[in-house]
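Enquirer: Pasting a structure here, questions to come.
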Amino acid sequence: LVHGAFADGSSWNKVIPLLQAEGLNAIAVQNPLTSLEDDVAFANRVINAQSGPVVLVGHSWGGSVITQAGGHDKVKALVYVAAFAPSLNTAPVVDTKDFPTPPGFAHFIASPDGYLTLPADAIARDFAQDVSAGEANLIHATQGAVRGANFEQPVTVEAWSRKPSWYIVAANDRMIDPGAQRALAKKIGATTTELPTSHVPMASDPQAVAKVIIEAARAAAK
Numbered sequence: 001l002v003h004g005a006f007a008d009g010s011s012w013n014k015v016i017p018l019l020q021a022e023g024l025n026a027i028a029v030q031n032p033l034t035s036l037e038d039d040v041a042f043a044n045r046v047i048n049a050q051s052g053p054v055v056l057v058g059h060s061w062g063g064s065v066i067t068q069a070g071g072h073d074k075v076k077a078l079v080y081v082a083a084f085a086p087s088l089n090t091a092p093v094v095d096t097k098d099f100p101t102p103p104g105f106a107h108f109i110a111s112p113d114g115y116l117t118l119p120a121d122a123i124a125r126d127f128a129q130d131v132s133a134g135e136a137n138l139i140h141a142t143q144g145a146v147r148g149a150n151f152e153q154p155v156t157v158e159a160w161s162r163k164p165s166w167y168i169v170a171a172n173d174r175m176i177d178p179g180a181q182r183a184l185a186k187k188i189g190a191t192t193t194e195l196p197t198s199h200v201p202m203a204s205d206p207q208a209v210a211k212v213i214i215e216a217a218r219a220a221a222k
């Protein structure tokens, strides 16, 4: 389970018990968000430690990470959750540039060294508008700052063209345009589920997200 920008591994907290109940070994990668290479290295470390087939799940920026890390021999399926899915030698921003700029983009706070965070009000309004206020505050408090230049980094592996993929479109997303998500799902030929959620369906509808991951895991085990 690979988290996205403005998040950490705790973004999967509601999904993990549902996967474990199905006998799956669910691991949340704590990727540092410092570069594509660094995040892929963290994902690979977890993949290498697994004894069986792996389903890589990526949320948001994590979609770029799983597109690259998914080339690993142990990875048998990919699940994109409101995520980027870049093509070979292209950056994630390429696929979204022809779609409306999401409202959340207006509220990034940039540090002098180029790392981006979101203020609490933007988390509650644009990132996770369908969870409780307390939960939105937790998401704000645990968010990982992401290096802004990451979104300009091209992938050099295109795992989705070689491995079966699933895509969860978040229809009320205010961070990645839902139209862009539908186009990405179509581009990669994914089995697609659309949910009426914010950018964080794993927080607001964990059962539906877990169902898709379980379906991918069963397919990967065949």
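In my numbering, the protein residues as written are 1 to 222. Don't be surprised by glycine CBs; every beta carbon is placed ideally from N, CA and C.
Can you round the beta-carbon distance between VAL2 and GLY62 to whole angstroms, since I take them to be within the 8 Å contact cut?
Expert: About 4 Å separates the two Cβ atoms, so the contact holds.
Enquirer: Cβ atoms of PHE127 and HIS199: under 9 Å apart, would you say?
Expert: The answer is yes: Cβ separation under 9 Å.
Enquirer: Shortest alpha-carbon distance to LYS76 belongs to which of LEU56, THR67, SER64?
Expert: LEU56
Enquirer: Going by Cα to Cα distance, which pick from ARG45, ILE188, VAL81 is closest to VAL212?
Expert: VAL81
Enquirer: Are three or more beta carbon pairs between the segment 170–179 and the segment 153–161 nearer than 8 Å?
Expert: Too few Cβ pairs lie closer than 8 Å, so no.
Enquirer: Locate the beta strand (DSSP E) running through ALA221, then write down its first and last residues.
Expert: No beta strand (DSSP E) contains ALA221, which is instead part of the alpha helix (DSSP H) from 206–221.
Enquirer: Please report the residue range of the beta strand (DSSP E) in which THR191 lies.
Expert: 191–195
Enquirer: Given a cut-off of 9 Å, decide if THR191 and TRP166 are closer than it, judged by their beta-carbon atoms.
Expert: yes
Enquirer: Can you give me the C-alpha to C-alpha distance between ASP113 and SER35, rounded to a whole angstrom?
Expert: For ASP113 and SER35, the gap between their C-alpha atoms comes out near 13 Å.
Enquirer: Is VAL54 closer than 9 Å to ALA220 when the C-beta atoms are compared?
Expert: yes
Enquirer: Taking Cβ positions, are PHE105 and MET175 nearer each other than 9 Å?
Expert: yes
Enquirer: With a CB to CB cut of under 6 Å and the five nearest residues on each side skipped, what residues in its chain are close to ILE214?
Expert: Leaving aside the five residues that flank ILE214 on each side, the residues in its chain whose CB is nearer than 6 Å to its CB run, in chain order, GLU22.
Enquirer: On the criterion of 16 or more Cβ atoms from any shown chain inside 10 Å, does THR101 qualify as buried, or is it exposed?
Expert: exposed
Enquirer: If you follow the alpha helix (DSSP H) that GLY134 is part of, which residue opens it and which one closes it?
Expert: Counting along the chain, GLY134 sits inside the alpha helix (DSSP H) bounded by residues 133–142.
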